[in-house]
Ligand SMILES: *Cc1c(COP(=O)(O)O)cnc(C)c1O
């Protein structure tokens, strides 16, 4: 049986993907050389639709990579000469910090999941060239409010890189508050894994040019050289780009999607409160609308997950420190309202 997945990545695909896969095969694009006209047109159209549908500023450039993890490394390679600063409150932000630390000096600024991020101008802030933030911490279901990002933009003069893997295409991102934004498509884009999206500001490009790093196949400048010609530095995930292009054609503008996601998150949180489910993150200001984390007894969660499977529902497992004592629900655009109603039905019947 095909389960309805509430796993926050890889996640439930848009049901249209089945047809798009067949279209991709039949169109012949999958056998095309990536320097061919057909491929370049498809790439250009997909990048243009990213700008339109996600409301990305026209002077920000869009490149495709293999994953968000690759983007962590691209930031380190091409934008950090001395030191990066990582503000994190969960497993993904911490992992990025650890990966970066192996490549160059990096400082960490840990903060509590219920707290709003406040950098304070300490020495570790002043000495950092690049500030690395996780917009939506998928491990615990927190998010940085737009107002916080704008405030940080005023305070921090260097490059700001933001991991928006589980929020891009689900919420309206405050693009101007960051220089580098990236995501993988297996979260809010409702697509199969294997493609990353990297969005960069003119400032980030300028900074990359000043540094002039071109030592890697995925150096930012080398990526850019290729993408300005609608090409890619290596043979790309043509199927992934094709599917992304088809999904972007179909989805409403991000403002509409974001409204729906916010409304559904609010309704679901209210449902949880009314049915004695405990949301891990108590502070609504920093609670993510796209990944909801529910805290419960370890045994209860085990049983709940089994019962859910029998009911055709795949609940998301907890992550990192919260692995055994939470479960996660992806509130991603590809999941229908009907599926959410079924999930609520199930949770209502199964509560303690
Ligand atoms: C899923 C996720 C990643 C990793 O994505 P990959 O596609 O595996 O590279 C990174 N950061 C966050 C916040 C995520 O949710």
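Residue numbers (UniProt numbering): 1 to 352.
Idealized CB from N, CA, C, for every residue including glycine.
Item                                                                                                     : Value
Unbroken beta strand (DSSP E) run spanning residue 198, endpoints                                        : 196-200
Beta-carbon proximity check, residue 92 vs residue 167, cutoff 9 angstroms                               : no
Per-residue burial, residue 235 [other beta carbons within 10 Å of its own, 16 or more giving buried]    : exposed
Counted within 10 angstroms of its Cβ, other Cβ atoms place residue 84 as buried (16 or more) or exposed : buried
C-beta contact flag for residue 343 and residue 294 at 9 angstroms                                       : no
Residues near residue 276 by beta carbon distance below 8 angstroms, same chain, minus five either side  : 351, 352
Short Cβ contact (9 angstroms threshold) for residue 134 with residue 162                                : yes
Closest residue to residue 186 among 243, 115, 118, 157 (Cα-Cα distance)                                 : 243
beta-carbon residue 92 near ligand 1 non-hydrogen atom, thresh 8 angstroms                               : yes
Whole-angstrom distance between residue 192 and residue 97, CA atom to CA atom                           : 26 angstroms
Residues that residue 110 bridges to, as DSSP identifies them                                            : 88
Stretch pair the segment 210-229 + the segment 302-320: three plus CB contacts closer than 8 angstroms   : no
Nearest-angstrom beta carbon gap, residue 6 and residue 320 [assumed within contact, 8 angstroms]        : Actually they do not touch by this definition, with Cβ atoms about 18 angstroms apart.
Assigned secondary structure, residue 69 (DSSP; H/G/I helix, E/B strand, else coil)                      : helix
Anticipated Cβ contact below 8 angstroms, residue 104 with residue 75, distance rounded                  : That belief does not hold up - the Cβ atoms of residue 104 and residue 75 are roughly 11 angstroms apart, past 8 angstroms.
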